[in-house]
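> Residues 284 to 356 in my numbering are what the sequence shown spells out, letter by letter. Don't be surprised by glycine CBs; every beta carbon is placed ideally from N, CA and C. The structure under discussion is supplied below as structure tokens; questions concerning it will follow.
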Amino acid sequence: MIRKSLRNQTYPLTPTELKLCQRAFDAFLVERSAARDSEEAEVAAALIIELYQKGIRDEKQLLLLAKAADGRA
């Protein structure tokens, strides 16, 4: 069941999808006091997009998973 919901899809994001990912990313930057051009931010942005493409559609869940992945949860 998890494999079905975390399909490996890569496709261009629509403007609406991109805005959702952007909000999760912006929240990550605020909560981590991270600079937008930092390596930490780049890793988080890539992860948020990857998670979205794999089926995670909830903005708060994207943020929580990005924070958990950075090791400072």
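Distance, Cα to Cα, residue 299 vs residue 353?
Distance between the alpha carbons of residue 299 and residue 353: 26 Å.
> From residue 308 to residue 331, what distance separates their C-alpha atoms?
Taking the straight line from one Cα to the other gives about 7 Å.
> Is it buried or exposed for residue 348, if we count other Cβ within 10 angstroms and need 16 for buried?
When all chains shown are included, residue 348 counts as buried.
> Please work out which residues of its chain come closer than 7 Å, Cβ to Cβ, to residue 346, disregarding the five sequence neighbours upstream and downstream, and give them in chain order.
So the list reads 307, 310, 311, once near-sequence residues are dropped.
> Expressed to the nearest angstrom, what Euclidean distance is found between the alpha-carbon atoms of residue 316 and residue 326?
Cα-Cα distance, rounded: 15 Å.
> Please check the pair residue 322 and residue 350, which I expect to be a contact at CB under 8 Å, by giving their CB distance rounded to whole angstroms.
Wrong, their Cβ atoms sit about 16 Å apart, outside the cutoff.
> Mind checking whether residue 303 and residue 333 have CB atoms under 8 Å apart?
Result no, Cβ atoms of residue 303 and residue 333 do not sit closer than 8 Å.
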